[in-house]
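Take a look at the structure set out below.
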Amino acid sequence: MTRRLLLSHLGLILLVLLALEVPFGVFYARSELARFSRTAEQGAMTLAEVCEDKMEHGLTADLPDLALAYGRRTGATVLVADRRGVVLTDTAAHALAGTDLSAEPDISTALRDRPAVGTRRAPSADAGLLFVTVPGGSAPTVACVVRTVYALGPVKARVRTTWLVLAAVGLGVLAAASLIGFALARSITRPVQALERATAQLAEGRITDPPDTGHGPPELRRLTASFTRTATRLQHLLQAQQAFASDVSHQLKTPLTSLRLRLENFEPHLAPCAQDSLDRALGELERLSRMVQGLLALARLENTEIRAEAADLNAVVSGRADIWTAFADEQQVGIRVTGGTSVPVLAVPGALEQIIDNLLSNALRVSAPGTAVTLAVVTAPARGARTPAMAELHVIDQGPGMTEAERHRAFDRFWRAPHADHDGTGLGLPLVRHLTRAGGGEVTLEAAPGGGLDAVVRLRHAECHDQCPVPVAHAGHPDPRPCH
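Per the numbering used here, the sequence shown starts with residue 484, numbered consecutively.
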């Protein structure tokens, strides 16, 4: 952010400098050349008047000395021709005396009483030459023609010096603007970076480096102060929730166990007609105990920082299926396992066992005798760069199934299907969702093709862990960023 702010600041300053300095430099170069041309033309006209006067008084022999003196004083080369365009003297020795130059354009123009001013390139002058050719006298009595030629090197040198000065001034302004812009950008981004660090720390459960509320613009200082108050309150709430989860595990277990023992102690003293009520009370007590255990498990899961690790999905599925087979046989329900190859997936340690146990428990609860529960492991191919290959665990039963609306509500806490028995607590599927998302996966309920319910648990392949590791996160709020 600092770099972007600084670049935008410098870009604006650079545009302003270019808009000011480039037109000024171009204007200076043109005005300097025009000024030099006017000065050269005025000097040439003065020299032409002197030459005309010399020729009228028959002092033509004085012209070479006059031309040399003018050339030494102005740095120009001087050529003087008579009214026919014949050279009288040339300080540059390019044309010998007596040479007819009347055919040259500037000489011809001056003989018609019009001055000629222009530039031309010369092999020995890299910067070019400025020539000024003026008549001495007026038509039709032009007595002579004077041509002065100046090297443009000094003018170009002054122009280059001006451009260098402008560039140096621009660089100095940019350097000063860089320092000022960097200071301003840092004053803005430092509180933002402190907020970013504090937010990352808060996501992990505790702020160890709270942001300073005394730096930055007033708006950011107010934002930092508000964030600090909010984060402090959230930490207090999280600590209170963790303390509640820890305390309730001790405070509820003992009275529930004591209540169960007292109810069981009533059994020898109750009349047979009251036995059914005692059994119902014991059943409700058992359900309450399971509900308390489920709530405690969810609370501990949501308040714990965990990291996903690689686990063999097929091995865990086979192991849990073997353990549940005896219980399924008692209900005359079969358990089938498909997919025999090893599939390494990312999951929280111990999560796969709890996920399969909860899904199998729900499936067996709704399965009628003579049916079967299928555990199928399949691999879903990657769908684009942002969707990695996933391993899918399907737990398919042949029970009554659920409607689409019931499948959407099934992951709500304490929700149970209308046709479900009263032994469930409504916490098994929420726990499954939390455990699955903690490893970067997802779980959905779908209608089975032959009737019943298909619980689909999608888990990331462990091979993705090297390129896109699952970050430490709270199980209830895992990092949702996909591997890509």
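By construction, the Cβ of each residue, glycine as well, lies at the ideal position given by its N, Cα and C atoms.
Is residue i helix, strand or coil by DSSP?
i, result
"P637", "helix"
"T711", "helix"
"E750", "helix"
"A855", "strand"
"Q695", "The residue asked about is misnamed: residue 695 is Asp in this sequence, not Gln. Looking at D695 - three-state DSSP - the assignment turns out to be coil, as it is neither helix nor strand."
"V648", "helix"
"G568", "coil"
"G611", "strand"
"G554", "helix"
"T862", "strand"
"T560", "strand"
"R899", "coil"
"V625", "coil"
"V828", "strand"
How long is the line joining the alpha carbons of residue i and residue j, rounded to whole angstroms?
i, j, result
"I839", "R803", "7 Å"
"V675", "P700", "11 Å"
"V600", "L667", "55 Å"
"L918", "L685", "21 Å"
"A921", "L829", "9 Å"
"G833", "L490", "51 Å"
"P954", "L858", "Confidence in P954 is poor, its pLDDT being 42 and thus under 50, which makes the residue's placement unreliable; the coordinate value appears in the next sentence. Their backbone Cα atoms lie some 29 Å apart in a straight line."
"G611", "A575", "16 Å"
"T927", "E679", "34 Å"
"R487", "T672", "11 Å"
"T821", "V915", "21 Å"
"R595", "D583", "16 Å"
"M873", "E929", "17 Å"
Under the rule that 16 or more other beta-carbon atoms within 10 Å means buried, what is residue i, buried or exposed?
i, result
"G620", "buried"
"Q525", "exposed"
"S670", "exposed"
"F897", "exposed"
"G766", "exposed"
"N618", "Residue identity differs from the one stated: residue 618 is Pro in this sequence, not Asn. Flag for P618 reads buried."
"D880", "buried"
"E747", "exposed"
"L495", "exposed"
"C756", "exposed"
"A502", "exposed"
"P738", "exposed"
"Q837", "buried"
Take residue i and list the residues in its own chain whose beta-carbon comes closer than 6 Å to its own, dropping the five residues that flank it on each side.
i, result
"L835", "A794 and V799"
"A531", "V617, G619 and V629"
In terms of DSSP beta bridges, what is residue i paired with?
i, result
"V939", "H877 and T927"
"A599", "T616"
"V632", "T560 and F614"
"I459", "This structure does not reach residue 459, given that the chain is present from 484 up to 967, and the question cannot be answered."
Closest Cβ-Cβ distance between residue i and chain D: below 8 Å?
i, result
"T854", "Judged by its chain identifiers, the structure shown contains no chain D, having just a single protein chain."
For residue i, which residues from the same chain have a beta carbon less than 8 Å from its beta carbon, with the 5 sequence-adjacent residues on both sides left out?
i, result
"K537", "T543, D545, L546 and L549"
"P963", "Unreliable positioning characterises P963 in this predicted model, as indicated by a pLDDT of 38, which lies under 50. The coordinate reading is nonetheless provided below. So the list is empty, once near-sequence residues are dropped."
Can you determine whether any heavy atom of the ligand ZN sits closer than 7 Å to the C-beta of residue i, and answer yes or no?
i, result
"A677", "As for the ligand ZN, it is missing from this structure, which has no ligand bound."
Spatial neighbours of residue i within its chain, please: C-beta separation below 7 Å, excluding the five flanking residues on both sides.
i, result
"T645", "G508 and Y511"
"P693", "A681 and T711"
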